[in-house]
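Peer 1: Have a look at this one before I ask anything.
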Amino acid sequence: MKLAYPALLTALVSSTGMSTPVFINEFHYDNAGSDRNEFVEIIAPQGTDLSGYQLIRYNGANGEPYGTDSLSGLVTSLGTGVGTYLLTYPSNGIQNGAPDGLALVNSAGEVIQFISYEGTLTASAGPAAGETSVDVGVSEDGSTSDSMSVQLRGDGADYTDFTWTTGMATQGDTNEQQTFDFSREPFINELHYDNTGGDVGEFIEVAAQAGTDLGGYTLELYNGSNGTRYETLVLSGVVPNEQAGMGTLAFFQPGIQNGAPDGVALINPAQEVVQFISYEGTFTASEGTAAGMLSTDIGVSESAVAVGESLQLGGEGNRYEDFSWRDAAAQTPGEKNLTQVFSNTSDEDGGDDGSDSGTGDTSLLFINEFHYDDVSTDNDEFVELAGPAGTDLSTVSLVFYNGSNNSVYRTEQLSGVISEAPDGNGFGVTVLSLPTNGIQNGGPDGIALVADGQVLEFISYEGVMTASGGPADGMTSTDIGVQENGEAEGFSLQRTGTGYKRCTFTWDGPVAQSAGSINAGQTFTDTDVSDCDQGPGDDGDNGDNNAQLGQCGENATLISAVQGNGFVTPLEGQQVVVEGIVTHVAPGLDGFYLQEEATDTDNDPATSEGVFVYAPGESVSQGAQLRVLATAGEYFSQTQLSDIAGVSECSASADTIEPTALSLPVTSEADFEALEGMLVASEQALTITETYNYQRFGELGVASERLYNPNQLYAPRSDEAQALRQSNALNSLLVDDSDTARNPTPYLPPNLSPFNTLRAGDALSNIQGVMGYGFDRYRVQLTGLPDVVNLNLRNEAPVLTDADMRIASFNVLNLFNGNGDESGFPTARGADTYSEYQRQLTKIVNAIVAIDADVIGLMEIENDGYGTQSAIAQLVNALNSEVGSDSYAYVNASALTNDQGTLGTDAIAVGIIYQVERVTPLNAPKLLDSSNSISDERGVLFDDGKNRPSLAQAFTHSSSGKTFVVDVNHLKSKGSGCGAGDDDTEFGQGNCNLTRTRAAQALDAWLGSEFDAMPAIMLGDLNAYAKEDPIQALLDAGWIDSAATVLGESAYSYTFDGQLGTLDYLLVNKAAHAWLTDVTEWHINADELSLLDYNEEDKASSLLNTLVYRASDHDPVIASFSLPAAQVRGDWDSDGDVDINDIRGLMTAIAARQAIDMAFDLNSDGVVNMLDIYTLYSLCTRQMCVAE
């Protein structure tokens, strides 16, 4: 037995509330540093209106909601049969303590999905109260990139078709490795087998997607008493489109058995069982294609029912599991059932009367296409309606009028909702199929479209008529001007044009019919500025909007009045008429900016003279003077005009809009708001502070100077830190490319390449554009390209005073090598492909070679042990290959690993590599984790469930003989929360501040205990800025921040939200500080564009490179040390060698009977005398004891 559609069988056997076409598809909640770019994406069939739905965010600590988001409007179509609804949140808007959850609630208040991450929880309040969440099984943590997400992958259409995984964030789009497949297997839809008296009219009806050829399908009829197959029906025919792309075909078969039980199996052309149902009980088939299968009882039966009744499915949807079997009712063979609505959404309560409400504006409906006359018998007649996706048709009807007597001859009540058509831009069509000769074709005849008792449209063909009776009584029709005259089958009359109002389109034909699809030559747009009435019989002129719009130069609302002197418009929801000059056309923002003429400004510096006009598809010209009738409102806190009801272009204006001067910093946020929508130009060259979203959204952060995180310079709780936070906010602005599209082509500098780039710290001059607001940031929407001023030049190698030894700290940003054999990609956190890994590895190798350190501490290397295929082993192999010798080795800590062969349980670990000719490991490495940490009343101070275990190795310096220890660390990130009392969200130290502080205290105690007074270098990514508690705890314990000592307040190794700071450290104790010569932070990563990293997706191949720049996101920290040389035996004058000068000096001292150090008792006889001179000759550094 082969089962073709396991999901269908599952649906027959059991019901699950999680099988839903509306579901959470992707979310991001935790990343390195402060959490940002957090979002939840919801998927639903295109055209779905999510008004009334809610997303509830649950706190796993107490099971209570901590946030509720109310959804509204249609999902944004992806053109694949589904649409997305995106919820975005500010930093740390989604909790990440373990566990937390998300509940999706439908408009009926029912929880249709309750998921969690990092464990399960039981809700104690809110809509999900008493329900236990389902853990998605994957998670994010403080090392996750903020460009990643938790997302569904797989093929299908419902939540249960997909599996959770992690990958690059794709909010607002289909996930990686996700395909929506709406192909549906046919299913048994209606059945009649028994009635009073002799059984008559027995049949089985099959439902399927329109266009499905049932040739090759069969129905096998089974006798339940012995499980044998007693009949096989060979099916044929193509399924028509009855509604929403679905239809039915009925197959009449006398002699369908009605003993208890009996059954029928639907078999596909591959001889696989699609469905095996039974009535009046269950049984196991003993032969046939279903042999060995247990049938599923449909739960209803016929027992002496009336002739003309049947058992049928009811509900709403397009798959078997969307419906349920109903008791016998009037049969509908070859048509959808009485309580059945075919649609692209499922009736989640199992259906009641098949008329679940949709939404949408029925007044925007219109007749879009119809066919009424063939060359002979009129077949396949239909009427197609068009309108906004999601429009509920339950109150809509089509009334057909006979022109000979002007009376009604047919009325058809519609049902269901309109689904969005491919490329429908929020609009779609629905088709009413009629029987042969169902539409009259004598001239003239007419059709009235009626909604809620009101006639929306009354059209006629082959002449004009006046209705008598019915809803259009007394109305005169509008002749569409084209007609069918016995055309060949397959033709129709259709509307063509661009817009969404019925008067925008004109009738054409006869042309090849396109029932169920947008017509050829027809395009739906979001905006339609046609001045027309959507009322009956009017396909053109109407003065209502024209009267409201008025004439250019007449009274209008000032744009400054629309903006007001606050942060929101005082005219919210009001329709206004404005006049102004187009300053910026921004199709990437679906609109344009309009600014008041200079003569009409209000001279109030607190009110803006410009405004954004949301007008997708609208064609306007920069510099044009327009008069616009639209509605004022706020869109994510930007004042805008939308719902355009009229636009007139006025005669050329003598006014020219001059940009308003802009400079940073401003004195208050109101200064930005006062310029919202206005053309501005910067008076100064502004420093680039932020490049994070340049690749993804074309955004660059700018300020008057480079900005530092307040906690880098001042104590977090200090007045100075708070003042700097406020100052940074007033000195920060985005430069934007005026396009919301993801991954745009880079526009700065022109001809961007790995060698021709821009960096944070460079400047932009000649910035001009319009001040906009979006995603919680003010931004200049550029009207032209500014100039890049290269101020922050690259250093090809670290700039560092050389000495006897170099030590470095390098976070290598998730260096994962797959399985170590070119397979195992994509990896959990690093490269997606082997070629990406090769590029990442080469960039890191090139950087390490240039650093040329004796010892390098690594962070974020894959935690996969120390074998030949481990990430650290292959890194060292690549280094040795690059330098051409076995210069590098790694500290093998395999003796310290757990049962899984890893250091701790995190996916990443710390590591140590060194140059074998320069240093030699002294004894075995040592590890600090929870098992050997100091403790207090709260427990262990070093929690290795949050911090990565700390790895320390003592070394002997080869040339000096000095010993020292290097300790490598990667403390808990600021991303995911650790709970109350631990997280510091008030003073900016971030989540898990106490966890990091306690770990720092444990590190100090452990190193002091294990290595006593040995010179020690503690390095790594400590995930804390310089003045935060963890670093201060180490400084208070006597550790010295080497970078702060040498570089002062200019030190930084990382940038976040456009603010600089040190997360990476090279701390020394007093003994090592005595050797310290110089420190540098090699800025090859933090200032560079992410476009230049190893990743291959969403960038031109010309940007792929193996340069050291953007090898990671943290800058390496490098220190040089001067070590005291070991005393050379016999070196009397301490110049580092033994020569004739040392012989003469010792002879002179002996002759003068001076006190001589017993170190010069070279022959070990207990005295220093002339005999030691003979031994000294043998110790000479050079031949013949010559002096250098």
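Each step along the sequence shown adds one to the number in full-length UniProt numbering, with nothing skipped, and position 246 is 246.
Don't be surprised by glycine CBs; every beta carbon is placed ideally from N, CA and C.
By how many angstroms is the C-alpha of Asn814 removed from the C-alpha of Ser973?
Peer 2: 14 Å
Peer 1: For Ser823, count the other beta carbons within 10 Å of its own beta carbon; 16 or more makes it buried, fewer makes it exposed. Which is it?
Peer 2: exposed
Peer 1: According to the neighbour-count rule (16 or more other Cβ atoms, all chains shown, within 10 Å of its Cβ), is Arg1153 buried or exposed?
Peer 2: exposed
Peer 1: Looking only at its chain, what residues have a beta carbon closer than 8 Å to the beta carbon of Arg1129, apart from the 5 residues adjacent to it on each side?
Peer 2: Val1138, Ala1159, Leu1162, Leu1179
Peer 1: Measuring alpha carbon to alpha carbon, tell me which of Ser116, Ala907, Ile848, Gly416 ends up nearest Gly47.
Peer 2: Out of Ser116, Ala907, Ile848, Gly416, Gly416 has the C-alpha closest to the C-alpha of Gly47.
Peer 1: So, are the CB atoms of Leu800 and Ser1122 less than 7 Å apart?
Peer 2: No, the pair does not count as a contact, with Cβ atoms beyond the cut-off.
Peer 1: Distance check for Ala741 and Pro716, CA to CA, integer angstroms please.
Peer 2: 38 Å
Peer 1: Helix, strand or coil, according to DSSP, for Arg696 in the structure here?
Peer 2: If DSSP states are grouped into helix, strand and coil, Arg696 belongs with the helices.
Peer 1: So, for Glu335: in the same chain, excluding its five sequence neighbours on each side, which residues have a beta-carbon less than 8 Å away from its beta-carbon?
Peer 2: Glu242, Thr248
Peer 1: Grab the span of the beta strand (DSSP E) containing Val325 for me, first residue to last.
Peer 2: Reading off the sequence, residue 325 comes out as Trp, not Val. Taken as a continuous stretch (DSSP letters only), the beta strand (DSSP E) holding Trp325 covers 323 to 330.
Peer 1: Could you tell me how far apart the beta carbons of Glu862 and Ala871 are, in whole angstroms, since I believe they sit closer than 8 Å?
Peer 2: 4 Å
Peer 1: Across the segment 291 to 308 and the segment 184 to 195, are there enough close Cβ pairs to call them in contact, namely three or more that are closer than 8 Å?
Peer 2: yes
Peer 1: Please give me, in chain order, every unbroken run of the beta strand (DSSP E) with length at least 3 that falls completely inside the segment 1023 to 1065.
Peer 2: Counting whole runs of 3 or more residues, the segment 1023 to 1065 contains the beta strand (DSSP E) stretches 1054 to 1056, 1059 to 1061.
Peer 1: Work out the CA separation of Val578 and Ser357 for me, nearest whole Å.
Peer 2: Confidence is the limiting factor: at Ser357 the pLDDT is only 34, short of 50, which leaves the residue's position unreliable, though a coordinate-based value still follows. Straight-line Cα distance between these residues: approximately 38 Å.
Peer 1: Between which residues of its own chain and Val1168 is the CB-CB distance below 6 Å, once the five residues before and five after are set aside?
Peer 2: Ile1156, Phe1160, Asp1161
Peer 1: If Ile1140 sits next to Val1186, beta carbons under 8 Å apart, how far is it from one beta carbon to the other, in whole angstroms?
Peer 2: 7 Å
Peer 1: Could you tell me which uninterrupted beta strand (DSSP E) segments, each at least 3 residues in length, are contained entirely in the segment 205 to 263, listed from first to last along the chain?
Peer 2: Counting only runs of 3 or more, we get 218 to 223, 228 to 234, 246 to 252.
Peer 1: Does the segment 418 to 426 come close enough to the segment 61 to 77 to have 3 or more Cβ pairs within less than 8 Å?
Peer 2: yes
Peer 1: How is Thr997 classed by DSSP in three states: helix, strand or coil?
Peer 2: In the displayed model, Thr997 falls within a helix according to three-state DSSP.
Peer 1: If you compare alpha carbons, which of Ser133, Leu764, Asn709, Pro710 is closest to Asp736?
Peer 2: Leu764
Peer 1: Could you check if Met805 is buried or exposed, using at least 16 other CB atoms within 10 Å of its CB as the buried criterion?
Peer 2: Buried, since its Cβ has 16 or more Cβ neighbours within 10 Å.
Peer 1: Taking only runs of the beta strand (DSSP E) that begin and end inside the segment 405 to 446, which ones reach a length of at least 3 residues, in chain order?
Peer 2: Annotation note: the segment 405 to 446 contains the following uninterrupted beta strand (DSSP E) runs of length 3 or greater, listed N- to C-terminal: 407 to 413, 427 to 433.
Peer 1: Let me know if Val375 comes out buried or exposed under the rule of 16 or more other beta-carbons within 10 Å of its beta-carbon.
Peer 2: Per the 10 Å Cβ criterion, exposed.
Peer 1: On the criterion of 16 or more Cβ atoms from any shown chain inside 10 Å, does Gln1183 qualify as buried, or is it exposed?
Peer 2: exposed
Peer 1: I believe Ser608 touches Gly566 by the beta-carbon criterion, under 8 Å. Please report the beta-carbon distance rounded to the nearest angstrom.
Peer 2: Not confirmed; about 11 Å, so no contact.
Peer 1: Can you name, in chain order, every residue of its own chain whose Cβ lies under 7 Å from the Cβ of Ala157, other than the five neighbours on each side?
Peer 2: Closer than 7 Å at Cβ, skipping near neighbours: Pro21, Phe180, Asp181, Phe182.
Peer 1: Taking contact to mean 3 or more Cβ pairs, one atom from each stretch, closer than 8 Å, check whether the segment 950 to 958 and the segment 115 to 132 are in contact.
Peer 2: No: fewer than three Cβ pairs fall under 8 Å.
Peer 1: Output the distance between the C-alpha atoms of Gly201 and Glu280, rounded to the nearest integer angstrom.
Peer 2: 20 Å
Peer 1: Would you grab the beta carbon distance between Met168 and Glu1097 for me? Rounded to a whole angstrom, and I think it's under 8 Å.
Peer 2: 7 Å
Peer 1: Going by beta carbon distance, what residues of the same chain come within less than 6 Å of Ser1090, once the five residues before and after it are set aside?
Peer 2: Gln695
Peer 1: Run through DSSP, which three-state label would Trp1132 get?
Peer 2: coil
Peer 1: Hey, Tyr888 and Asn898: beta-carbon distance below 7 Å or not?
Peer 2: no
Peer 1: Using a Cβ-Cβ cut-off of 8 Å (strictly less than) and excluding sequence neighbours within five positions of Ser404, which residues of its own chain qualify?
Peer 2: Excluding residues within five positions, the ones whose Cβ falls inside 8 Å are Gly442.
Peer 1: Express the C-alpha separation of Ser477 and Thr466 in angstroms, rounding to a whole number.
Peer 2: Approximately 6 Å between the Cα atoms of the pair.
Peer 1: Please report the residue range of the beta strand (DSSP E) in which Ala645 lies.
Peer 2: 638 to 649
Peer 1: Assuming Ala1016 contacts Asn1069 under a Cβ cut-off of 8 Å, what Cβ separation, rounded to an integer in Å, is found between them?
Peer 2: Indeed they touch by this definition, with Cβ atoms about 5 Å apart.
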